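First the structure, in the form of C-alpha cells, and then the observations on it.
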Amino acid sequence: MGLLIQLSWSFALLSILAVGGGTAVLPEMQSILQHQFGIGHTQFVHMYSIGQLSPGPNMLMVLIIGYQIAGVAGATAVLFSFFLPSSILCLYVGRLWVRLGESPWRRAVQNALEPISIGLMGSGVYAVAKGSIVSPLTAILALISLGIILRTQINPVIVIVLSGVIGAGVALYL
Amino acid sequence: MIATTQKNIPRLRDLLIQFLLIGAISFGGGIIAYERLLLVDKRKWLTADEFMAYLAISQTMPGLNSVNLAVLTGDFLRGTIGSVVAVAGLILPGSVFVLGIGILYSTHTNHPMANVILAGIAAAATGLLTAITVRIGSGHWRQLKSVLIITATFLLMSVGKLSLPWVLLIMAPMALYLYRPSKS
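Going down the list, the sequences are from chains A and B.
Number 506 in this note's numbering belongs to position 16 of the first sequence; there are no gaps in the numbering.
Number 371 in this note's numbering belongs to position 157 of the second sequence; there are no gaps in the numbering.
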C-alpha cells in the first residue's frame, strides 16, 4: 500500500509539472524512478521506447512503469495519478479562461512556457539517448531513424519496429 | 471570448465511440490532427475558431495537449461528464495495448533476444524524440530570447541536475518577464 501511495504521489506531481506536454517530464521521471523505485536507466529507456508503439497519447507508457513496479494495481494507480490532476486543473482553469475571455497574458504564458518545454524536451532527449545509444550500431540506427522521420511522412511506428528487427538481425547474423 | 453559436450537441455514446476510435487508430502520434478532423470537419461539433481557442488553452496548461483538448472539448459539448467520456475514450485503447506490451516486457526482460530487439527499438525511439523536439523547436532556433531560455533550462536540468520544480521556479518567472505582453 505504501508503495502505491508513493507511486501515485510521484506521478501526480509529474502530472502537474508537465508543462508543454508529457515529454517535458521525462528527465525528472527517469531520476525519480531511479532513486525512489530502483528502475535502472536502461530499463526506463526500454519501457519508454516500447510505449511509443502504442496508439493514443504518447505517455501511456507510464502504465508499463506502474505495472513493472506494482503489477496491475501499480498500472492503475499510475494511470489515474498521471492523468487526473492535470485534467482536473485544465477543466477548471479552462472554464475560467473561457469566461474571462482571451487575455494577452494567456498568449504570454504560452510563449514563455514553450521554450522552457523545448529545453526540457532537450533534456529528455539527452536522458533517453544516454540509455539507448550504447554501441556504434544503436548510434547509427538512431541517426537513420531521426533522418527518416524528419524527412519523410512515414509513420514512426514502422521505423521503430524496423529498427528493432534490424537490431535483432544484426545480432543474429553478424 | 469564445462565441457560442448554435452547437451540435452529441450524444454521450457517440462522443465516447468517436474518441475511442481516435484512441485506437492514432499509432505514431498526430492525435491533435485526428481530434481536429473529428470535432471540426467530420461532426462539426466545434467551429475552427473554437477548436483553436481550446487548443491554445490545452498547450498552456500542464499535462498532455491531446488529453487537455479532450477535457476542454468534452466539457464544452456535454459538461463534466463529457470530459470524462472523451478522456476515457482517448486513453482506453492505448492503455489496454500498452498494458499488454508491459506484461510481455516484464515476463521476457531477461531473454537475450528481447534485449537486442529492445536496443534497436530504443535507438529509433531516441531518433523519434529528437525529431519531435527539433520540429516543435523549429520556430525558436533563430530567436535569441528562445535560445537563451532553451539553453538555460537544458543546462539547469541536465548539467546542474536540479529537480524539475526548481527548474520551473527559476525559469518560469524569467521567461514570463521576457515574454510579458507589451504595453502598446
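Just so you know, even glycine gets a beta-carbon here, dropped at the ideal spot from N, CA and C.
Only a predicted model underlies this, so the values are computations on that prediction, with no experimental measurement involved.
Quiz item: Taking the runs of the alpha helix (DSSP H) that are 4 residues or longer, which of them lie wholly in the segment 594 to 635 of chain A?
Solution: 594 to 622
Quiz prompt | Simplified DSSP state of M215 (chain B), which is helix, strand or coil | solution = Counting from one through the second sequence, the residue named residue 215 (chain B) turns up at place 1. Unreliable positioning characterises M215 (chain B) in this predicted model, as indicated by a pLDDT of 46, which lies under 50. A coordinate reading is not provided.
Quiz prompt | chain B contacts made by the segment 547 to 567 of chain A, where a contact means CB separation under 7 Å | solution = P547, N548, M549, L550, M551, L553, I554, Y557, Q558 and A565
Self-check item: Minimum Cβ-Cβ distance from M537 (chain A) to chain B less than 8 Å
Solution: Stepping through the first sequence from its first residue, residue 537 (chain A) is reached at position 47. Answer yes: the Cβ-Cβ gap between M537 (chain A) and chain B drops below 8 Å somewhere.
Exercise. Find out if the Cβ-Cβ distance for the pair R237 (chain B), L306 (chain B) is shorter than 8 Å.
Key: As a working note, residue 237 (chain B) is residue 23 in the second sequence. As a working note, residue 306 (chain B) is residue 92 in the second sequence. Residue identity check: residue 237 (chain B) is Gly in the sequence provided, not Arg. Yes, these two residues count as a Cβ contact at 8 Å.
Practice problem: Could you name the residues of the same chain whose beta carbon sits closer than 7 Å to that of I656 (chain A), not counting the 5 residues immediately before and after it, in chain order? | Solution: Against the first sequence, residue 656 (chain A) aligns to sequence position 166. Cβ within range, chain order: L631.
Exercise. Kindly indicate if chain A contains any beta-carbon less than 8 Å away from that of K221 (chain B).
Key: What you label residue 221 (chain B) is simply residue 7 of the second sequence in a count that begins at 1. So no, K221 (chain B) is outside the interface.
Quiz item: When the Cα atoms are used, what is the spatial distance from G666 (chain A) to E249 (chain B)?
Solution: The question about residue 666 (chain A) has no answer, for chain A in this structure spans 491 to 664.
Self-check item: Residue burial classification, N279 (chain B) (beta-carbon count within 10 angstroms, cutoff 16)
Solution: By one-based count along the second sequence, residue 279 (chain B) stands at place 65. N279 (chain B) is buried by the Cβ-count criterion.
Practice problem: Give a yes or no on contact between the segment 513 to 528 of chain A and the segment 368 to 379 of chain B, applying the rule of three or more CB pairs nearer than 8 Å. | Solution: yes
Quiz item: How about T642 (chain A): is its C-beta nearer than 8 Å to some C-beta of chain B?
Solution: By one-based count along the first sequence, residue 642 (chain A) stands at place 152. Not one chain B Cβ lies under 8 Å of T642 (chain A).
Quiz prompt | Start-to-end residues for the alpha helix (DSSP H) that takes in D289 (chain B) | solution = If you number the second sequence from 1, residue 289 (chain B) lands on position 75. D289 (chain B) -> alpha helix (DSSP H) spans N279 to H322.
Practice problem: Take every Cβ of the segment 566 to 584 of chain A, pair it with every Cβ of the segment 330 to 344 of chain B, and state whether three or more of those distances are shorter than 8 Å. | Solution: no
Quiz prompt | Residue nearest to L610 (chain A) in terms of C-alpha spacing, selected from B:V361, B:G334, B:F290 and B:H325 | solution = For the purposes of this step, residue 610 (chain A) is taken as the residue at position 120 of the first sequence. Considering only alpha carbons, the answer is B:V361.
Quiz item: Does the beta-carbon distance from L382 (chain B) to A598 (chain A) come in below 8 Å?
Solution: Numbered from its first residue, the second sequence carries residue 382 (chain B) at position 168. Numbered from its first residue, the first sequence carries residue 598 (chain A) at position 108. Contact: no.
Quiz prompt | Q558 (chain A): first and last residue of the uninterrupted alpha helix (DSSP H) it sits in | solution = Here residue 558 (chain A) is taken as the residue at index 68 of the first sequence, counted from 1. From DSSP, the alpha helix (DSSP H) with Q558 (chain A) extends over V552 to L590.
Exercise. Leaving aside the five residues before and after L234 (chain B) along the sequence, list all residues of the same chain whose C-beta is less than 7 Å from its C-beta, in chain order.
Key: Taking the second sequence and counting its residues from 1, the one referred to as residue 234 (chain B) is at position 20. Hits under 7 Å: G303, L306 and P307.
Practice problem: Write down the C-beta distance between I540 (chain A) and I529 (chain A) rounded to the nearest angstrom, noting that I regard them as a contact closer than 8 Å. | Solution: Residue mapping note: residue 540 (chain A) aligns to position 50 of the first sequence, counting from 1. Residue mapping note: residue 529 (chain A) aligns to position 39 of the first sequence, counting from 1. 14 Å between Cβ atoms; not a contact.
Quiz item: Going by C-alpha distance, which of B:L318, B:A262 and B:Y319 is nearest K221 (chain B)?
Solution: Stepping through the second sequence from its first residue, residue 221 (chain B) is reached at position 7. It is B:A262.
Quiz item: Whose Cβ in chain B lies nearer than 8 Å to the Cβ of L631 (chain A)?
Solution: Indexing the first sequence from 1 puts residue 631 (chain A) at position 141. Correct list: G334, A337, A338 and G341.
Exercise. Report the residue from A:V624, A:N548, A:I495 and A:I650 whose alpha carbon sits nearest the alpha carbon of H435 (chain A).
Key: Nothing can be reported for residue 435 (chain A), as the shown portion of chain A is limited to 491 through 664.
Quiz item: To the nearest angstrom, how far is it from the Cα of Y538 (chain A) to the Cα of M551 (chain A)?
Solution: Position 48 of the first sequence, counted from the start, is the residue given in the question as residue 538 (chain A). Position 61 of the first sequence, counted from the start, is the residue given in the question as residue 551 (chain A). Their Cα atoms are separated by approximately 6 Å.
Exercise. Determine whether the Cβ of I606 (chain A) lies closer than 8 Å to any Cβ atom of chain D.
Key: Given the protein chain composition of this structure (A and B), no chain D is represented.
Practice problem: Answer yes if the segment 269 to 276 of chain B comes into contact with the segment 567 to 582 of chain A, meaning at least three C-beta pairs across the two stretches below 8 Å, and no otherwise. | Solution: yes
Quiz item: To the nearest angstrom, how far is it from the Cα of L682 (chain A) to the Cα of L507 (chain A)?
Solution: With chain A running from 491 to 664 in the structure shown, residue 682 (chain A) is simply not present.
Quiz item: So, helix, strand or coil for A345 (chain B), using DSSP?
Solution: As a first step, residue 345 (chain B) must be located in the second sequence, where it is residue number 131. Helix, per DSSP.
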